[in-house]
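Peer 1: In the numbering used here, the protein residues as written are 19 to 334.
Backbone N, C-alpha and C fix where the C-beta goes; we use that ideal spot for every residue, glycine too.
Since the model is a prediction, treat every value here as computed from it, not as a measurement.
Below: one structure in structure tokens.
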Amino acid sequence: MSVLSGTSDGVYRSSSVAFDDVELVLNSGVTRRVRTFGRHAFAASSTGLYRSVDGGLTWDNLGVPRTEVYSVVRSPDKTRLYAGTHPAHLYVSTDDGETWTELNGFQTLPSRNQWHTPRHRNAAHVRSLGVHPAAPERVIAGVEVGGVHISNDSGETWSERREIRQRPNDLQYDVHHVLVLGADEYVISCGGGLYRTHDTGRSWKRLDADFDRPYFQEAIADRNRLYAAGQTLPPTLPTGNTSERETEAALFVSTDGETVEMVSDPGAPIEFISAWTLADGHVLAGTTGGRVLSREDGSWTTCGRTPSWIRSLAVV
19 MSVLSGTSDG VYRSSSVAFD DVELVLNSGV TRRVRTFGRH AFAASSTGLY RSVDGGLTWD
79 NLGVPRTEVY SVVRSPDKTR LYAGTHPAHL YVSTDDGETW TELNGFQTLP SRNQWHTPRH
139 RNAAHVRSLG VHPAAPERVI AGVEVGGVHI SNDSGETWSE RREIRQRPND LQYDVHHVLV
199 LGADEYVISC GGGLYRTHDT GRSWKRLDAD FDRPYFQEAI ADRNRLYAAG QTLPPTLPTG
259 NTSERETEAA LFVSTDGETV EMVSDPGAPI EFISAWTLAD GHVLAGTTGG RVLSREDGSW
319 TTCGRTPSWI RSLAVV
């Protein structure tokens, strides 16, 4: 089993979960998402969407019409491959990435002209995509900055799951990751909190309301436990270096799905856990300092290091 780390440099590959050395197998620039679907691995990066069919050793650019790809997901029946980009557009391929068609319905959402922020060149991007086998035609899109949006017809038409921000438990628009737990149940990691819905985003509960670490990158679920790392402010240095303001990070765990508790953070005080995956029943975490951590028997150990900030993890 190999670990693929999407980093600020590209994709690094280790030959095992515990490793001393890694190889830069894809020089793709900032790689924000690596995912595996079956025997195929995908890397969404600032230079395109790439696919590997040999365990991450070699990669092919799939030619998504917009160069900066932030997210990718495949339908449960393997017939549709979706890609989300910067600026925020959605594309679908029905021939395994050979050709792409834009899902124009995504551009007609009422709030579309509000999706922008100076932090991201006055634009937005589709930061996260999700599907679930129990609802194979439903696609969930998380937009940074733009909220959560749902399609029930494989991306042809869309509805918004944005709420008025002034309400106490309303979803932040700054969506970083959508964790799909069921057909109707999602956990959203945002720049302003960690939220959960049981009704396809019609209502949301904030899980971290009692704490002061509201910046979340990603969450993962394993054996009735939910893990997420929160921070007071976003990481500032895209090179993977750390800064003083990154010392205010914390690790949160939920055992009931409705509340979280702050626990000992293996990345503290100078690293923030920014990526998660599962490997052989163990939780793996990647940090802004380039470390890969593994949780076994209730404790965390360092598996190895990459040269730069780990933005995403996958195993092949």
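Spatial neighbours of aspartate 171 within its chain, please: CB distance less than 7 Å, with the 5 preceding and 5 following residues excluded, ordered by chain position.
Peer 2: The answer, listed in chain order, is Glu155.
Peer 1: Roughly how many angstroms separate the alpha carbons of isoleucine 158 and histidine 134, rounded to a whole number?
Peer 2: 19 Å
Peer 1: Determine the closest residue to proline 383 out of Tyr245, Leu244, Ala268, Asp240, with distance taken between C-alpha atoms.
Peer 2: Past the edges of the chain, shown from 19 to 334, lies residue 383, and the structure says nothing about it.
Peer 1: Can we say the region 112-123 touches the region 141-155, given the rule of at least three CB pairs closer than 8 Å?
Peer 2: no
Peer 1: Please classify alanine 36: is it buried, with 16 or more other beta-carbons within 10 angstroms of its beta-carbon, or exposed?
Peer 2: Classification for alanine 36: exposed.
Peer 1: Name the two residues that bound the continuous beta strand (DSSP E) containing phenylalanine 124.
Peer 2: Run containing phenylalanine 124: none; DSSP gives neither H nor E here.
Peer 1: Per DSSP, tryptophan 294 forms a beta bridge with which residues?
Peer 2: Ala303
Peer 1: In the DSSP assignment, what are the bridge partners of leucine 44?
Peer 2: Val29
Peer 1: Would you mind working out which of His194, Glu174, Glu289, His150 sits nearest glycine 164, comparing C-alpha positions?
Peer 2: His194
Peer 1: Alpha carbon to alpha carbon, how far is glycine 81 from serine 207? Give it in angstroms, no decimals.
Peer 2: 29 Å
Peer 1: With burial defined as no fewer than 16 other Cβ atoms inside 10 Å of the residue's Cβ, what is the status of glycine 74: buried or exposed?
Peer 2: buried
Peer 1: Arginine 313 to arginine 69, Cα distance in whole Å?
Peer 2: 29 Å
Peer 1: Give me whichever residues DSSP pairs with lysine 223 in a beta bridge.
Peer 2: Arg214
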